[in-house]
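FYI, numbering that gives the first Met the number 0 numbers position 143 of the sequence shown as 142, with every residue one higher than the one before it. Glycine included, every Cβ here is placed at the ideal spot set by N, Cα and C. Predicted, not measured: the structure shown is a model, and the values here were computed from it. To start, the structure itself, in structure tokens.
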Amino acid sequence: MADRQDDLRQELAEQLKFYAGLGVTHLKIEEPVLSPGESKVTEEVTSTLDTVRQDLGECTRCQLHATRKNIVFGTGSPKADLMFVGEAPGADEDEQGLPFVGAAGQLLTKIIAAIGLTRKQVYIANILKCRPPNNRDPKPQEVEACEPVLFKQIEVIEPMIIVALGKYAAQTLLRSDTPISRLRGQFFEYRGSRLMPTFHPSYLLRNPSAKREVWEDMKLVRSTLEELGSAYYR
Ligand code: SF4
0 MADRQDDLRQ
10 ELAEQLKFYA
20 GLGVTHLKIE
30 EPVLSPGESK
40 VTEEVTSTLD
50 TVRQDLGECT
60 RCQLHATRKN
70 IVFGTGSPKA
80 DLMFVGEAPG
90 ADEDEQGLPF
100 VGAAGQLLTK
110 IIAAIGLTRK
120 QVYIANILKC
130 RPPNNRDPKP
140 QEVEACEPVL
150 FKQIEVIEPM
160 IIVALGKYAA
170 QTLLRSDTPI
180 SRLRGQFFEY
190 RGSRLMPTFH
200 PSYLLRNPSA
210 KREVWEDMKL
220 VRSTLEELGS
230 AYYR
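The structure is reproduced here in structure tokens:
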């Protein structure tokens, strides 16, 4: 063991000499140095939503940064058993920096209340964190740039169920072009959770008769959360 430590010290001293030769005067330690046999705690496990948000910073990874007013990261409980994911922020969300705060958001609040929950108990986010101008559809390169942030959020929150709101969110997350009318009402395995596609609240504002289907979907979400032992209904 002593020999091994001497070797490591010598190796480290040589590396430091090498950096000094390059004119480097300070080194930032990115990873903890672990003793042999010590288990490595992964970045994913130690990440919190705050660190995911900090890592995102004032993101310029896609062109939407140029027209946004605010990044709409997400809101709710970091330990939510139920997560809602929409497509992208709209004008109200862009203005306030919060997801689902316009008329569709008020309907989502009612949908959440219909299964006995509040917005604070669930987590609400979008695939894109910045508003596409004039609410146009997200472009593939924007999704590619932003979706990893959602993946990180899901890794940290570990929801039992994710409800994908609307055609775009459901088709994007499931990598499917099946119509939302055929995707909804059933669970799909998704990143360690179960994903339920359903209609977007803004669609319900235009087509109130579709509320019946969303209610069926949400009843299934609730009964499945109960079966899975969610603390929401204990
Ligand atoms: S949409 Fe996402 S990737 Fe694009 S600038 Fe906003 S936060 Fe960054």
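>> Strictly by DSSP, which residues pair up with M234?
In response: Outside the shown range of the chain, which is 0 to 233, sits residue 234, and nothing can be said about it.
> What's the call for A144, buried or exposed, on a 16-neighbour Cβ count within 10 Å?
Replying inline: Taking the sequence shown and counting its residues from 1, one reaches residue 144 at position 145. Under this definition A144 is a buried residue.
> Cα-Cα, which of Y167, R130 and R190 is closest to E154?
Replying inline: Position 155 of the sequence shown, counted from the first residue, corresponds to residue 154. Residue R190 is the option with its Cα nearest to E154.
> Is R130 near the ligand SF4, in the sense that its beta carbon is under 6 Å from a heavy atom of that ligand?
Replying inline: Locating residue 130 in the sequence shown gives position 131, where the first residue counts as 1. Because no heavy atom of the ligand SF4 lies under 6 Å away, the Cβ of R130 does not count as near it: no.
>> To the nearest angstrom, how far is the alpha carbon of V71 from that of R181?
In response: Along the sequence shown, one-based indexing puts residue 71 at 72. Along the sequence shown, one-based indexing puts residue 181 at 182. If you take the alpha carbons of V71 and R181, they lie about 29 Å apart.
> For the ligand SF4, any of its heavy atoms closer than 6 Å to the Cβ of R135?
Replying inline: As a working note, residue 135 is residue 136 in the sequence shown. Result no, Cβ not under 6 Å from the ligand SF4.
> Within 6 Å: the Cβ of A144 and any heavy atom of the ligand SF4?
Replying inline: As a working mapping, residue 144 is identified with position 145 in the sequence shown. Yes, the Cβ of A144 comes within 6 Å of a heavy atom of the ligand SF4.
> Does DSSP put V139 in a helix, a strand or coil?
Replying inline: Taking the sequence shown and counting its residues from 1, the one referred to as residue 139 is at position 140. Here residue 139 is Pro; the residue named in the question, Val, does not match the sequence. The answer is helix: DSSP assigns P139 an H, G or I state.
>> Assuming I123 is part of the beta strand (DSSP E), what are its boundary residues?
In response: To locate residue 123, count along the sequence shown from 1; it is residue 124. First-last of the beta strand (DSSP E) with I123: Y122 to N125.
> For F150, is the classification buried or exposed, using 16 other Cβ atoms within 10 angstroms of its Cβ as the cut-off for buried?
Replying inline: Sequence index remark: in the sequence shown, residue 150 carries index 151 (1-based). Under this definition F150 is an exposed residue.
> Among the residues of its own chain, which have a CB less than 7 Å from the CB of T108, if the five just before and after it don't count?
Replying inline: Stepping through the sequence shown from its first residue, residue 108 is reached at position 109. Closer than 7 Å at Cβ, skipping near neighbours: R118.
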